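Here the structure is laid out as structure tokens; the discussion comes afterwards.
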Amino acid sequence: MTDNDVAGLQRRLAEFAAARDWQPYHTPKKLAAALSVEAAELLEIFQWSTPEQAERVMEDPESAHRVADEVADVLAYLLQFCEVLGVDPLAALAAKIDRNELRFPARRRGGARGEGGGEGDPSEDRHSSE
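Heads up: the sequence shown begins at 238 in the numbering used here, then just goes up one per residue.
What follows is the structure in structure tokens.
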């Protein structure tokens, strides 16, 4: 394993926290709160952007650096959260994708869903995290 795979990154984060005696602060509740704050900081970059500006955010080196830093913060807290609770993030994601493939069948030609060929209930068009 390298330091850039999930387990290696989790190990580096744990070593970093241990060297600073931060483990008492890394409870599930506190890590979830920190994750939420960091996700909000990522959102803040796009807060007043038009969709077109948001799509071009990585073209500006300063904005690209801010986005990359916030993505790193979000991922760091998510990996630490998973480590504390014993969640395998890749297995959890794979299982979620499997469930969503069943819950939200691919649209067929003409926009039809499933066997009936009809458009389906618009309330079914929900985000995959629901």
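Note that CB positions come from ideal geometry on N, CA and C, so glycine has one too.
Just so we're clear, the structure is a prediction, and the values are computed from it rather than from any experiment.
Residue nearest to I282 within the set A269, E307, Q260 is E307 (criterion: CA-CA distance). For V294, there is no enclosing alpha helix (DSSP H), as DSSP marks it with neither H nor E. The three-state secondary structure of Q260, taken from DSSP, is helix. If you draw a 10 Å sphere on the C-beta of A332, you find fewer than 16 other C-beta atoms in it, and that means exposed. When DSSP states are grouped into helix, strand and coil, N241 belongs to the coil group. Put simply, the backbone Cα of K266 is about 10 Å away from that of L272. Under a 10 Å Cβ-count criterion, Y314 is classified as buried, with 16 or more other Cβ atoms of the shown protein chains found around its own Cβ.
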